[in-house]
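Have a look at the structure below before the remarks.
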Amino acid sequence: MDDVLTSMAVFWALMLLTYFLMQNGLSIFNDVAKSMGMFMLEKALGPGIDLVEGRPGSASKAWIMQGLLWLLAASTLTFEGLWMMHDPLALHSLSAWGY
0 MDDVLTSMAV FWALMLLTYF LMQNGLSIFN DVAKSMGMFM LEKALGPGID LVEGRPGSAS
60 KAWIMQGLLW LLAASTLTFE GLWMMHDPLA LHSLSAWGY
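Written as C-alpha cells, this is what we have:
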C-alpha cells in the first residue's frame, strides 16, 4: 500500500509541476518555442498555410499534393509487397543493376 501512495504522490507532484510550467513557461525556452511554432506554421503543409499566407485555396492544394505523394509511395510499396508475396525471387533480377 505504501508503494501505491508514493506513486500517487509522485504522479500528482509531476502533474502540478507540469501545470505550473505550462502556465508560467520556462523563460529560457519561450523565444525558442515561439520561433519554432512560427516556423512550423509557415513551412508546414496544410491549413496553417492559409492562416499565415492569407491566399485562399493554398491549404487545399498543399493537402492534395501531400496526399498524392503519399499515394505514390504507398502504392509503390504495396505493389512491391504483393509482387514479392507472389514470387519471392522476383527482384533478384535487379541485382545486375546493383539493386
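Position 92 (the sequence shown) corresponds to 91 in numbering that gives the first Met the number 0; numbering is contiguous.
Built from N, CA and C at the ideal position, the CB exists for glycine as well.
It should be emphasised that the depicted structure is a prediction, and the values quoted were computed from it without experimental measurement.
Span of the alpha helix (DSSP H) around residue i
i	result
S6	D1 to N23
Backbone CA spacing between residue i and residue j [nearest angstrom]
i	j	result
M83	I63	30 Å
T5	L15	15 Å
G36	H91	46 Å
L20	A8	18 Å
K60	V3	53 Å
S94	D30	52 Å
N23	T17	10 Å
L40	Q65	16 Å
Closer than 8 Å to chain D by CB, residue i
i	result
V9	No chain D is part of this structure, which consists of one protein chain only.
Nonlocal neighbours in the same chain, by C-beta distance under 8 Å from residue i, ignoring five residues either side
i	result
K33	none
Nonlocal neighbours in the same chain, by C-beta distance under 7 Å from residue i, ignoring five residues either side
i	result
A89	W82 and M83
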